[in-house]
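Read through the structure below, which is laid out as structure tokens, and then see the notes.
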Ligand code: 8OZ
């Protein structure tokens with residue numbers, strides 16, 4: 001079982017190569033969007049993961065796209081997350097926070113003063129988000145002014161400092177699934193004619209500026225980024241993603257990042273190697289490669305054994321199996337995940353999945 005062998009992520013010792021993927025669960029305290037005791041319990045239960053990556057956490061109110069997701073920009077939110085990191089550390093685990101700006105995948109009702117969401121270009125996202133009253137199409141966004149982009153980058157830097165104050169072991173930038181960073185990267189959502197749009201280099205500029213800003217706060221090895229080169233999640237697309245991601249990853253390598261976390265195929269639906277050369281990214285990058293997307297134990301084992309991936313991130317299996325690592329160790333059967341309780345609600349379908357010991 002190579003998955004169960006240790007891995008060194010920079011100076012951080014991971015006891016195994018099984019990563020808990022970032023998972024939006026919409027159970028932060030309403031009104032303040034801060035992590036609470038129920039969230040502490042949920043993460044603590046999963047502390048045997050080699051590394052936990054927290055659910056996506058908005059870096060500003062503007063960065064929020066769904067109700068009841070936790071933030072990383074107020075004192076109450078830092079305090080809430082501190083309880084989570086303490087709980088995970090006390091249980092012997094390690095946790096990075098996933099830093100999130102949704103860009104156009106938001107609704108005016110979630111934005112400061114009911115304003116339109118911001119995006120690289122004023123192109124409405126296909127797809128849906130959810131607000132208190134249910135599912136809605138994201139609102140038409142407005143394009144960020146060129147001289148406003150530095151303020152958004154500064155919001156990332158502030159959140160990175162808050163992540164330190166909250167006791168996280170590192171940070172992951174959410175560069176995947178059609179949110180703000182991905183919106184800049186992909187041609188169909190970025191029609192800008194300034195230095196942030198057009199050529200591959202210009203479309204990568206925003207991501208690399210964010211990396212540069214957070215690398216002033218964290219050692220590069222404690223920074224990762226999640227990417228989804230071909231996923232259509234949240235209505236994103238690009239006719240030719242390979243050169244974009246090849247260029248981006250060279251920049252990430254130069255910045256000395258700890259890992260790239262790659263969603264291979266369509267997020268949450270289908271693992272697929274066909275349409276993209278993921279190994280070109282792996283080869284261009286000296287940090288670790290975390291593979292993700294619908295992996296099962298045997299597939300993950302094969303990916304690590306062949307050297308294709310250093311680590312593998314599991315989402316659904318970690319929702320339903322707090323002791324996923326132990327189940328893999330024993331090759332024990334897994335609990336099924338209950339889709340109805342994924343987003344929002346209480347302890348049901350969140351902290352009440354049985355462990356082997358309890359069963
Ligand atoms: C599911 C529901 C809401 C958000 C992502 C952060 O796709 C998400 C997300 C997933 O990366």
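Residue numbers (my numbering): 1 to 359. Here a beta-carbon is modelled for each residue, glycine too, at the ideal position from N, C-alpha and C. These numbers come from a predicted model, not from an experiment.
query, result
"Selection from 115, 36, 225 and 258 that minimises the alpha carbon distance to residue 70", "36"
"Near ligand 1: residue 207 beta-carbon under 7 Å from a heavy atom", "no"
"CB of residue 122 within 8 Å of CB of residue 143, strictly", "yes"
"Residue of 324, 265, 110 and 118 minimising C-alpha distance to residue 129", "110"
"Residue 261 - DSSP class collapsed to helix/strand/coil", "strand"
"Straight-line Cα distance separating residue 193 from residue 317", "43 Å"
"Same chain, Cβ closer than 8 Å to residue 334, neighbours up to 5 away in sequence not counted", "317, 320, 321, 324 and 327"
"Counted within 10 angstroms of its Cβ, other Cβ atoms place residue 279 as buried (16 or more) or exposed", "exposed"
"Best match in 50, 67, 90 and 299 for proximity to residue 31 [C-alpha to C-alpha]", "67"
"Contact set for residue 46: own chain, Cβ-Cβ below 7 Å, skip 5 residues either direction", "20, 52, 318 and 322"
"Integer Cβ distance of residue 7 from residue 311, believed to fall under 8 Å", "6 Å"
"Cut-off 7 Å between Cβ atoms - residues of its own chain near residue 207, not counting five sequence neighbours on either side", "175, 181, 184, 185 and 248"
"Heavy atom of ligand 1 within 7 Å of residue 177 beta-carbon", "yes"
"Cβ neighbours of residue 343 in the same chain (closer than 6 Å, five flanking residues each side left out)", "26"
"Residue 99, buried or exposed, once every other Cβ within 10 Å from all chains shown has been counted against 16", "buried"
"Residue nearest to residue 269 in terms of C-alpha spacing, selected from 228, 254 and 288", "228"
"Nearest-angstrom Cα separation, counted from residue 24 out to residue 338", "14 Å"
"Residue 108 beta carbon less than 8 Å from that of residue 114", "yes"
"Proximity test, residue 115 beta-carbon vs ligand 1 heavy atom, cut-off 7 Å", "no"
"Cβ-Cβ separation, residue 341 to residue 42 (assumed contact under 8 Å), whole Å", "About 12 Å; that fails the 8 Å criterion."
"Cβ neighbours of residue 103 in the same chain (closer than 6 Å, five flanking residues each side left out)", "119, 179, 180 and 183"
"Same chain only: Cβ atoms within 6 Å of residue 301, ignoring 5 sequence neighbours per side", "3"
"Rounded C-alpha distance that separates residue 39 from residue 152", "28 Å"
"Proximal residues to residue 297 (C-beta, below 7 Å), its chain only, five neighbours per side dropped", "328"
"beta-carbon residue 21 near ligand 1 non-hydrogen atom, thresh 7 Å", "no"
"Nearest residue (CA-CA) to residue 77, options 315, 169, 33 and 14", "33"
"Residue 124, DSSP secondary structure in three states", "coil"
"beta-carbon residue 66 near ligand 1 non-hydrogen atom, thresh 7 Å", "yes"
"Three-state class that DSSP yields for residue 14 in the structure shown", "strand"
"Reduced DSSP category for residue 132 - H, G, I as helix; E, B as strand; rest coil", "coil"
"Cβ-Cβ separation, residue 10 to residue 195 (assumed contact under 8 Å), whole Å", "In fact, because the Cβ distance is near 32 Å, the residues do not count as touching under 8 Å."
"Every unbroken alpha helix (DSSP H) inside the stretch 36 to 94 [4 residues or more]", "37 to 45 and 75 to 90"
"Residues near residue 50 by beta carbon distance below 7 Å, same chain, minus five either side", "7, 14, 15, 16, 17, 18, 19 and 311"
"Classification of residue 54 by the beta-carbon crowding that lies within 10 angstroms, buried from 16 upward", "buried"
"Spatial distance of residue 203 from residue 210 (CA atoms)", "13 Å"
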